[in-house]
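Residue 1 is where the sequence shown starts when you use the UniProt record's numbering, and the numbers rise one by one after that. Ideal placement from N, C-alpha and C gives every residue a C-beta, glycine not left out.
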Amino acid sequence: MASGLPVRKSSRMPFTPHPPVWSTLEVDDNFGRWTATMHAPPALAGVVDGLWHFRGRVAHARERVFPHGAVEIIVHLGERYHGHERDGLQHYPALCLSGLRLQPLVVEAPQAACTVLGLRLRPTAAWTVLGGAAGEAQDRTVDLADVLGAAARELGEACNDAPDARTCLRRAATWVAQRLRQGRPADAAVVWMAQAIAARRGAVSIEGLRERTGWSRSRMAAVFQAQVGLSPKRYARLQRFRHALEQLQRPEAVLADVAGACGYADQSHMTAEFDEMAGTTPGALLAALRYPHSPNLAEGERR
Numbered sequence: 001m002a003s004g005l006p007v008r009k010s011s012r013m014p015f016t017p018h019p020p021v022w023s024t025l026e027v028d029d030n031f032g033r034w035t036a037t038m039h040a041p042p043a044l045a046g047v048v049d050g051l052w053h054f055r056g057r058v059a060h061a062r063e064r065v066f067p068h069g070a071v072e073i074i075v076h077l078g079e080r081y082h083g084h085e086r087d088g089l090q091h092y093p094a095l096c097l098s099g100l101r102l103q104p105l106v107v108e109a110p111q112a113a114c115t116v117l118g119l120r121l122r123p124t125a126a127w128t129v130l131g132g133a134a135g136e137a138q139d140r141t142v143d144l145a146d147v148l149g150a151a152a153r154e155l156g157e158a159c160n161d162a163p164d165a166r167t168c169l170r171r172a173a174t175w176v177a178q179r180l181r182q183g184r185p186a187d188a189a190v191v192w193m194a195q196a197i198a199a200r201r202g203a204v205s206i207e208g209l210r211e212r213t214g215w216s217r218s219r220m221a222a223v224f225q226a227q228v229g230l231s232p233k234r235y236a237r238l239q240r241f242r243h244a245l246e247q248l249q250r251p252e253a254v255l256a257d258v259a260g261a262c263g264y265a266d267q268s269h270m271t272a273e274f275d276e277m278a279g280t281t282p283g284a285l286l287a288a289l290r291y292p293h294s295p296n297l298a299e300g301e302r303r
């Protein structure tokens, strides 16, 4: 283990919405045996939600991944995952692009140990990094090479050649920074509006925000959809769901209180939203088996 990294071993660690620049989670229990290294580069604050590197083996066959509000690039550095997408079981390519999701994704891990890198980009940054193509992957996973060509191969080669997790993550951060410098930035009004919706966890007047930009309804609807990947109202729904999911991770969570705090009309409203966006109810989620330091669920037989 490289020195200078905070190392956490507890599977009951508290949820931390603002992670440190570097952290490492070691797991060796009924969930499997792995090391996850997380990196939040200060130079990319407001651009990435985090970069992560996983090495090891999970014990459960499947993982239910909930919508997290980011566009994610996955780099398989060995054995590859499979995913249950809308059109059936998909065997993922070495480099994947997964757009904003409003539905859960069930992935299947390799039986052998594997190494995977993930880059979670905020939507307007993803629009720049991906040359405006992030919307093509909304609620699905596509081959990053089909989107970026040589730039995707450069990322894969740099990460595959990395001698350790921290070097791999630094190279990924450098790749993102280069793409941002080379690409066209999203419109400032859209960036501001998306940030305002996320900061208020979706509990904000979309019309009020739009009026402050000075844009017409039709212009904002079209450009926001193109550069974020969702309409402003659907993006607000996603942020509200994320807020509720975070609150439900807390040991003292009470369903009715969470519903009220997150802006749902009542508990039944939150339940209906979770049925659509999580594929389960909030009550069932509380009783489900969650991975350490994650809202994601461990599903299927242990291997």
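Touching or not, the region 165 to 176 and the region 186 to 198, by the rule of three or more beta carbon pairs under 8 Å? No, the region 165 to 176 does not touch the region 186 to 198.
Can you tell me which of the three DSSP states residue 4 falls into? What you label residue 4 is simply residue 4 of the sequence shown in a count that begins at 1. Per-residue confidence for residue 4 stands at a pLDDT of 37, beneath the threshold of 50, marking its modelled position as unreliable; no derived number is given.
With a threshold of 8 Å, are at least 3 pairs of Cβ atoms found where one atom belongs to the region 159 to 166 and the other to the region 199 to 216? As far as the Cβ criterion goes, the region 159 to 166 does not touch the region 199 to 216, which means the pair count is below three.
Quick check on this structure: which residue in 208, 94 and 283 has the alpha carbon closest to the alpha carbon of residue 74? Translated into positions along the sequence shown, residue 74 becomes position 74. Nearest C-alpha to residue 74: 94.
With a 10 Å radius around its C-beta and 16 neighbouring C-beta atoms as the bar for buried, classify residue 208 as buried or exposed. As a first step, residue 208 must be located in the sequence shown, where it is residue number 208. Residue 208 is exposed by the Cβ-count criterion.
Comparing C-alpha positions only, which one of 70, 115, 128 and 77 sits nearest to residue 139? The residue you call residue 139 lines up with position 139 of the sequence shown. Residue 70 is the option with its Cα nearest to residue 139.
Kindly identify the DSSP beta-bridge partner or partners of residue 38. Indexing the sequence shown from 1 puts residue 38 at position 38. Answer is 23 and 52, bridged to residue 38.
Quick check: the region 41 to 58 against the region 111 to 120, are at least 3 beta-carbon pairs closer than 8 Å? Contact between the region 111 to 120 and the region 41 to 58 is present: three or more C-beta pairs spanning the two stretches fall below 8 Å.
Using three-state DSSP, classify residue 294 as helix, strand or coil. If you number the sequence shown from 1, residue 294 lands on position 294. Looking at residue 294 - three-state DSSP - the assignment turns out to be coil, as it is neither helix nor strand.
For residue 72, count neighbouring C-beta atoms within 10 Å of its own C-beta (all shown protein chains included) and say buried if the count is 16 or more, exposed if not. As a first step, residue 72 must be located in the sequence shown, where it is residue number 72. Answer is buried; the Cβ neighbour count reaches 16.
Any idea what DSSP makes of residue 97, helix, strand or coil? Counting from 1 along the sequence shown, the entry for residue 97 is found at position 97. Correct three-state label for residue 97: strand.
Helix, strand or coil: which one does DSSP assign to residue 181? To locate residue 181, count along the sequence shown from 1; it is residue 181. Assigned with DSSP and collapsed to three states, residue 181 falls in helix.
Looking only at C-alpha atoms, which of 253, 131, 196 and 199 sits nearest to residue 178? Against the sequence shown, residue 178 aligns to sequence position 178. Closest by alpha carbon: 131.
Could you check how far apart the C-beta atoms of residue 186 and residue 227 are, in whole angstroms? I think they sit under 8 Å. Translated into positions along the sequence shown, residue 186 becomes position 186. Translated into positions along the sequence shown, residue 227 becomes position 227. Contact between residue 186 and residue 227 holds, with the beta-carbon distance rounding to 5 Å and staying under 8 Å.
Inside the region 108 to 176 only - alpha helix (DSSP H) runs reaching at least 4 residues: Those alpha helix (DSSP H) runs which fall completely within the region 108 to 176 and span 4+ residues are 123 to 129, 144 to 148 and 150 to 160.
Quick check on residue 302: buried or exposed, where buried means 16 or more other Cβ atoms within 10 Å of its Cβ? Working through the sequence shown from its first residue, we reach residue 302 at position 302. By the neighbour-count rule (16 or more Cβ atoms within 10 Å), residue 302 is not buried but exposed.
Out of 32, 87, 144 and 20, which one is the CA nearest neighbour of residue 299? For the purposes of this step, residue 299 is identified with residue 299 of the sequence shown, where counting begins at 1. Of the candidates 32, 87, 144 and 20, the one whose C-alpha sits nearest the C-alpha of residue 299 is 32.
Please name the residue or residues paired with residue 63 in a DSSP beta bridge. Within the sequence shown, residue 63 is the residue found at index 63, counting from 1. Note: residue 63 sits in a beta bridge opposite 107 and 298.
Whole angstroms is fine: what's the gap from residue 294's alpha carbon to residue 264's? Here residue 294 corresponds to residue number 294 of the sequence shown, with the count starting at 1. Here residue 264 corresponds to residue number 264 of the sequence shown, with the count starting at 1. Approximately 23 Å between the Cα atoms of the pair.
Distance check for residue 182 and residue 290, CA to CA, integer angstroms please. Along the sequence shown, one-based indexing puts residue 290 at 290. Along the sequence shown, one-based indexing puts residue 182 at 182. Straight-line spacing of the CA atoms in residue 290 and residue 182 works out to 39 Å.
Close-in-space but distant-in-sequence residues of the same chain around residue 232 (CB under 6 Å, 5 per side omitted): Counted from its first residue, the sequence shown places residue 232 at position 232. Taking C-beta separations shorter than 6 Å and ignoring five residues to either side along the sequence, the partners of residue 232 in its chain run 206 and 224, following chain order.
Taking the straight line between their C-alpha atoms, what separation do you get for residue 284 and residue 212? Here residue 284 is taken as the residue at index 284 of the sequence shown, counted from 1. Here residue 212 is taken as the residue at index 212 of the sequence shown, counted from 1. One alpha carbon belongs to residue 284, the other to residue 212, and they sit about 40 Å apart.
When the distance is taken between beta carbons, is residue 62 closer than 8 Å to residue 110? One-based indexing of the sequence shown puts residue 110 at position 110. One-based indexing of the sequence shown puts residue 62 at position 62. Judged by beta-carbon spacing, residue 62 lies beyond the 8 Å limit of residue 110, meaning their Cβ atoms are not closer than that value.
According to the neighbour-count rule (16 or more other Cβ atoms, all chains shown, within 10 Å of its Cβ), is residue 297 buried or exposed? Stepping through the sequence shown from its first residue, residue 297 is reached at position 297. Burial call: buried.
Buried or exposed: where does residue 250 fall if 16 or more other Cβ atoms within 10 Å of its Cβ makes it buried? As a working note, residue 250 is residue 250 in the sequence shown. It is exposed - the Cβ of residue 250 has fewer than 16 other Cβ atoms within 10 Å.
Please report the distance separating the alpha-carbon of residue 56 from that of residue 244. For this step, residue 56 is matched to residue 56 along the sequence shown. For this step, residue 244 is matched to residue 244 along the sequence shown. For residue 56 and residue 244, the gap between their C-alpha atoms comes out near 30 Å.
List the endpoints of the continuous beta strand (DSSP E) containing residue 85. For this step, residue 85 is matched to residue 85 along the sequence shown. It spans 82 to 85 - the beta strand (DSSP E) in which residue 85 sits, taken as one unbroken run.
Drop a sphere of 10 angstroms on the beta-carbon of residue 242, count the other beta-carbons inside from all chains shown, and report buried for 16 or more, exposed for fewer. Along the sequence shown, one-based indexing puts residue 242 at 242. Buried: at least 16 other Cβ atoms inside 10 Å.
Between 122, 161, 160 and 176, which lies nearest to residue 148 when the distance is taken from Cα to Cα? Indexing the sequence shown from 1 puts residue 148 at position 148. Ranking 122, 161, 160 and 176 by Cα distance to residue 148 puts 176 first.
Which same chain residues end up closer than 7 Å to residue 14 when comparing Cβ atoms and leaving out the 5 residues on each side of it in sequence? Locating residue 14 in the sequence shown gives position 14, counting from the first residue. Residue placement at residue 14 is flagged as unreliable, the pLDDT there being 36, under the threshold of 50; a coordinate-derived value is accordingly withheld.
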